[in-house]
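Visitor:
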Amino acid sequence: MKRKVIINQDTSNVTENPREFSELLKDFNSLKYSVPANGNTAVRYHKLIAGLAAVLLIGFIIYNHNSAPTLAEENTTPNHSEKRVTESNIELPFWEAKVDNGEETILISPSGVVIEVPQGAFSLKDQGLLKDSITLKLTQYDDALSILVSQIPMSYDSAGMKLHFQSDGMFNLTAYDQNNNEVQLKKDIKVHYPQTSGRTNSNTYILDNNVWSYSEHTPLTTYAAVCENTVYKFQTEENAPKAKPILNTRNKTIADLEGRYEDLESSKPLEPRKQNLANYRFLLDVNPTEFPELTSFEDVIFEVKDSRFSWSIYEETWNDISVSKKHKGGRYLVTLKNTKRVEIFDVYPVLGEKDFLDAFSDYSTEIQHIEEEKKDISKRIKTNKKREQAFLAQLTRDKKHLEKVTSRKRIVNQLTANLSADTPYRSINLGELGVVNFDIGIPLPAKGIKVPAAFFISGSSNSVLEVNLINLEDNIYYNYAHPQFKEFRYMRGQKHLLVSILPDGRIAAYRGDLSAEKIKRGESFKFGLEISAATNLDDLRDFLGLTESI
Amino acid sequence: MKIPIVEMHSNQAEDAELVAKAKKDMKYFEVLYRKYYSQIFKFVRKRVANADLVNDITSQVFLKAMLNIEKYKHQGFPFSSWLYRIALSELGDMFRAETAERALKVEWSNSTDLLNDLDESASKNDVNQLASALNILSEDNLSMIEMRYFEKVKLKEIAVIMNLSESNAKVKMHRTLNMLRKHLKEK
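In order, the protein sequences belong to chains A and B.
Quick note on my numbering: the first sequence kicks off at 1 and runs consecutively.
Quick note on my numbering: the second sequence kicks off at 1001 and runs consecutively.
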């Protein structure tokens, strides 16, 4: 998540220092007339009048350098009717796949986009279900440059502020029948889109093609862990290795807890008994290692409760006297042996009055501790078993889903797709085909070096009135259109491009040094933009000196 | 500390009148600026680690409110909740653009309710883990937790501030708590 968090820093010593309201009012008056009231309205307006008037007007302004305002001539009055959207000459790569409209299908693009298409998803406008095969076309715009050349709107109005989209990816889905007629969705399709930027906190927007404005869309899922369950559950190989260690760990935890429970049960001390003076009693030495439960009994007195025992047995000489445990319940056996016979009696360890009270108090405390621990362990065993059951139930559901998917759906391109369990996915339901945008709205940079600038076509004096500053690292471009801006903000240490789309669709870009050494604070710059002959993205990247996709 | 939204209810009529006047002449906004600066300042101060930015951001919140006052409609909620909403939006933008650093205060004294709701045994050792778990949340979700548990704002008021229905706010809160639980269990 792109956010630096400082934990537990004390800021309570920061004191209030409000600006004078008169200063705020001054800013308000200056901004009120320089911020578009509604960016989308401007775009819509363009869509209505664009055809003729704007092209003529823009062509005139951009190539007539004599009439183009200079930096000194800029005024702050907005005129959004001049807002334009120019088609660039750059063809963008796309992926197409055939779908049988009578069949439920899962499409997986080579880039890892998963599209779940239900049976009978497509129809022609105002017509019934199509039985033909449909071609689904996916165009992806996963970097700022491809988004820019697509000329799909990437700024919007948020409570009066013009915000620029910082993209986590964008795509356009269209579909055609065999006669190349564009078809519509009759049923929702589900799209799982990989979020390669590493961010998962952006919003999801859908572009309304009729009015060219964005509306926010609630995705089904946005987090990697959740998406693994939705996207990858038909990839059992992915699930199985993960499930096994989790189950093993849970089983071991439960076994450990149950073992501890049994240990506690068996280590319970023997409940002390008070001696009964009416019974026969005798003292015996016992080995504390052999009888740990008797350690609290000092000088163990054993009491006999057996009618066979008599005074004469006391009087008799015994060569060997031994004690052994009989069974649970505190009963022991005393074995008496001499040359004539062997006698065995049930006995109980007992205590004298005073010793009994002390021992019983110790015993009660000990038992209380043991019972508490047993209760705690029981609770933990129950919780762990519940979790284990839930996990097993999830695995069962995943398995059933897998069986359902593999038996009923046609999976296209599964083997060659670039699927990875490490890539976070965002899943959305689409009711209409078109442009879907995963973005964060960002205002124009408020920090960085302020660069007063003018832009010209290199080798001529023709000024360029609209330039886009692409921040390659943040995957965003800022659109600066004349005459609203007087300068742009340049972030030191980050890579930037200055790119303009000319009215004839060609791309012009500044190819000089944009490093911090070159662009210094307080200086005015005139940038000469060179025109590229590129007609595809690769050639354009070469022209811009970008060897890899940004 | 509780955000004193409840205390403002009695002043709603007065605020609505000031807003109506400010829509015609912005000089009337000064009363609202003076009245609410302190509240918004404290709200921002809790969330921003850069001491030098707190006053600037607070002013920016009021500037945006002025720019958008035309869109404000009194719907039975305090004017301050609209200001808090703008503040959250402004802070969210700044954190995303990394023009400000996010402050997060998680202490034993303010975390016990949250830990209890997370079914975590409330031990002081859990506070560090809780801070790390909160750090994974989106800005929206983090703000929601902060308001609910650290600032003791009622869910109904949070819903107003975050422009959600009360039921949506409950669902969002439930999901956020689940997310935290999951993260804490994995630790």
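For every residue, glycine included, the Cβ atom is placed at its ideal position computed from N, Cα and C.
(1) What is the rounded straight-line gap between the Cα of A/F302 and the Cα of A/K375?
(2) With DSSP run on the structure shown, which of helix, strand or coil describes A/Q494?
(3) Under a CB-based cut-off of 8 Å, is A/R541 close to chain B?
(4) Taking 6 Å as the limit between beta carbons, can you name the residues of its chain near B/S1138, skipping five residues before and five after?
(5) With a cut-off of 8 Å, does the C-beta of B/D1025 fall near any C-beta of chain A?
(6) Taking Cβ-Cβ distances shorter than 7 Å, what residues in chain A pair up with B/S1111?
(7) Among all the DSSP beta bridges, which residues are the ones paired with A/V436?
(8) Considering only the beta carbon of each residue, do A/L107 and A/I152 sit closer than 8 Å?
(9) Starting from A/L562, find everything on chain B with Cβ-Cβ shorter than 8 Å and list it in chain order.
(10) By a C-beta neighbour count over all protein chains shown, 10 Å radius and 16 as the cutoff for buried, is A/D439 buried or exposed?
(11) From the DSSP output, which residues share a beta bridge with B/E1101?
(12) Suppose the cutoff is 6 Å on Cβ atoms and the five residues either side in sequence are ignored; what does the same chain contact list for B/Y1036 look like?
(13) Just list the residues that DSSP pairs B/Q1075 with in beta bridges.
(14) Can you check whether the C-beta of B/D1093 is within less than 8 Å of a C-beta belonging to chain A?
(15) Return the CA-CA distance between B/R1181 and B/L1118, expressed in angstroms with no decimal places.
(16) In this structure, does DSSP put B/F1062 in helix, strand or coil?
(17) Is there a C-beta anywhere in chain A that falls below 8 Å from the one on B/A1159?
(18) Between B/Y1033, B/P1078, B/K1024, B/V1048, which lies nearest to B/M1094 when the distance is taken from Cα to Cα?
(19) Name the one or two DSSP bridge partners that A/N429 has.
(20) Are the C-beta of B/V1171 and some C-beta of chain A separated by less than 8 Å?
(21) Quick one: grab the DSSP three-state call for A/N479.
(22) If we call anything under 8 Å between Cβ atoms a contact, is A/N338 one with A/W311?
(23) So, helix, strand or coil for A/Q140, using DSSP?
(24) Would you report the Cα separation of A/L270 and A/K325, rounded to the nearest angstrom?
(25) Can you give the Cα-Cα distance for A/L185 and A/G431, rounded to whole angstroms?
(26) By the three-class DSSP mapping on this structure, what secondary structure does B/E1090 have?
(27) Can you confirm whether A/E16, when its beta carbon is compared against all beta carbons of chain B, has any partner nearer than 8 Å?
(28) Hey, A/N475 and A/S500: beta-carbon distance below 8 Å or not?
(29) Determine whether the Cβ of A/Y232 lies closer than 8 Å to any Cβ atom of chain B.
(30) Can you tell me whether B/Q1039 is buried or exposed? The criterion is at least 16 other CB atoms within 10 Å of its CB, across all chains shown.
(31) Kindly indicate which three-state DSSP category A/G459 falls into: helix, strand or coil?
(32) Residues of chain A with CB under 8 Å from B/V1054, in chain order?
(33) Around the C-beta of B/L1142, are 16 or more other C-beta atoms found within 10 angstroms, so that it is buried, or is it exposed?
(34) Below 7 Å on C-beta distance, what does A/D27 contact in chain B?
(35) When the distance is taken between beta carbons, is A/L537 closer than 8 Å to A/L497?
(36) Under 8 Å between the Cβ atoms of A/Q166 and A/I428?
Guide: Based on what the coordinates show:
(1) Numbered from its first residue, the first sequence carries residue 302 of chain A at position 302. Numbered from its first residue, the first sequence carries residue 375 of chain A at position 375. Taking the straight line from one Cα to the other gives about 33 Å.
(2) By one-based count along the first sequence, residue 494 of chain A stands at place 494. Looking at A/Q494 - three-state DSSP - the assignment turns out to be coil, as it is neither helix nor strand.
(3) On the first sequence, residue 541 of chain A is found 541 positions in, with the first residue counted as 1. It does not; no Cβ of chain B falls within 8 Å.
(4) Taking the second sequence and counting its residues from 1, the one referred to as residue 1138 of chain B is at position 138. Only residues of its own chain outside the window of five on either side were considered, and among them none has a CB closer than 6 Å to the CB of B/S1138.
(5) If you number the second sequence from 1, residue 1025 of chain B lands on position 25. By this cut-off, B/D1025 is not an interface position.
(6) Indexing the second sequence from 1 puts residue 1111 of chain B at position 111. In chain order: nothing, as chain A lies at least about 11 Å away.
(7) Counting from one through the first sequence, the residue named residue 436 of chain A turns up at place 436. DSSP output for A/V436 lists A/F171, A/I206 as bridge partner(s).
(8) Reading the first sequence from its first residue, position 107 is the one you call residue 107 of chain A. Reading the first sequence from its first residue, position 152 is the one you call residue 152 of chain A. No. Outside cutoff.
(9) Residue numbering for chain A in the displayed model covers 1 to 550; residue 562 of chain A lies beyond these limits and cannot be assessed.
(10) Reading the first sequence from its first residue, position 439 is the one you call residue 439 of chain A. A/D439 is buried by the Cβ-count criterion.
(11) One-based indexing of the second sequence puts residue 1101 of chain B at position 101. DSSP lists no beta-bridge partner residue for B/E1101.
(12) Stepping through the second sequence from its first residue, residue 1036 of chain B is reached at position 36. Excluding the 5 residues flanking it on each side, B/Y1036 has same chain C-beta neighbours closer than 6 Å at S1080, L1083, in chain order.
(13) Taking the second sequence and counting its residues from 1, the one referred to as residue 1075 of chain B is at position 75. When DSSP reads this structure, B/Q1075 sits in no beta bridge, so it has no partner.
(14) Residue 1093 of chain B sits at position 93 when you count from the first residue of the second sequence. Yes, because at least one Cβ of chain A sits closer than 8 Å to the Cβ of B/D1093.
(15) Residue mapping note: residue 1181 of chain B aligns to position 181 of the second sequence, counting from 1. Residue mapping note: residue 1118 of chain B aligns to position 118 of the second sequence, counting from 1. B/R1181 and B/L1118 have their C-alpha atoms spaced approximately 6 Å apart.
(16) Stepping through the second sequence from its first residue, residue 1062 of chain B is reached at position 62. Reduced to three states, the DSSP call for B/F1062 is helix.
(17) Here residue 1159 of chain B corresponds to residue number 159 of the second sequence, with the count starting at 1. Not one chain A Cβ lies under 8 Å of B/A1159.
(18) Counted from its first residue, the second sequence places residue 1094 of chain B at position 94. It is B/V1048.
(19) Position 429 of the first sequence, counted from the start, is the residue given in the question as residue 429 of chain A. According to DSSP, A/N429 bridges with A/K190.
(20) Start at 1 with the first residue of the second sequence, and residue 1171 of chain B comes out as number 171. Residue contact check for B/V1171 against chain A: no CB pair falls below 8 Å.
(21) Indexing the first sequence from 1 puts residue 479 of chain A at position 479. Note: A/N479 maps to strand in three-state DSSP.
(22) Translated into the one-based positions of the first sequence, residue 338 of chain A becomes position 338. Translated into the one-based positions of the first sequence, residue 311 of chain A becomes position 311. It is not a contact, given that the beta carbons lie outside the stated cut-off.
(23) Reading the first sequence from its first residue, position 140 is the one you call residue 140 of chain A. It is a strand residue.
(24) In the first sequence, counting from the first residue as 1, residue 270 of chain A sits at position 270. In the first sequence, counting from the first residue as 1, residue 325 of chain A sits at position 325. Here the alpha carbons of A/K325 and A/L270 stand approximately 12 Å from one another.
(25) Locating residue 185 of chain A in the first sequence gives position 185, where the first residue counts as 1. Locating residue 431 of chain A in the first sequence gives position 431, where the first residue counts as 1. Their Cα atoms are separated by approximately 7 Å.
(26) Here residue 1090 of chain B refers to the residue found at position 90 when the second sequence is read from its first residue. Helix, per DSSP.
(27) Start at 1 with the first residue of the first sequence, and residue 16 of chain A comes out as number 16. Cβ-Cβ to chain B under 8 Å: yes for A/E16.
(28) By one-based count along the first sequence, residue 475 of chain A stands at place 475. By one-based count along the first sequence, residue 500 of chain A stands at place 500. Annotated as distal: A/N475 and A/S500, with beta-carbon spacing of 8 Å or more.
(29) Taking the first sequence and counting its residues from 1, the one referred to as residue 232 of chain A is at position 232. Note on A/Y232: pLDDT 39, under 50, position unreliable in the model; the coordinate value appears next. Closer than 8 Å: no.
(30) For this step, residue 1039 of chain B is matched to residue 39 along the second sequence. Buried, since its Cβ has 16 or more Cβ neighbours within 10 Å.
(31) The residue you call residue 459 of chain A lines up with position 459 of the first sequence. For A/G459, the secondary structure class from DSSP, reduced to helix, strand or coil, is coil.
(32) Indexing the second sequence from 1 puts residue 1054 of chain B at position 54. What B/V1054 touches in chain A: T11, V14.
(33) As a working mapping, residue 1142 of chain B is identified with position 142 in the second sequence. Counting other Cβ atoms within 10 Å of its Cβ, B/L1142 reaches 16 or more and is therefore classed as buried.
(34) Your numbering for residue 27 of chain A matches position 27 in the first sequence. Neighbours of A/D27 on chain B, chain order: L1063.
(35) Taking the first sequence and counting its residues from 1, one reaches residue 497 of chain A at position 497. Taking the first sequence and counting its residues from 1, one reaches residue 537 of chain A at position 537. No, they are not a contact pair.
(36) Taking the first sequence and counting its residues from 1, the one referred to as residue 166 of chain A is at position 166. Taking the first sequence and counting its residues from 1, the one referred to as residue 428 of chain A is at position 428. Contact flag unset, no.
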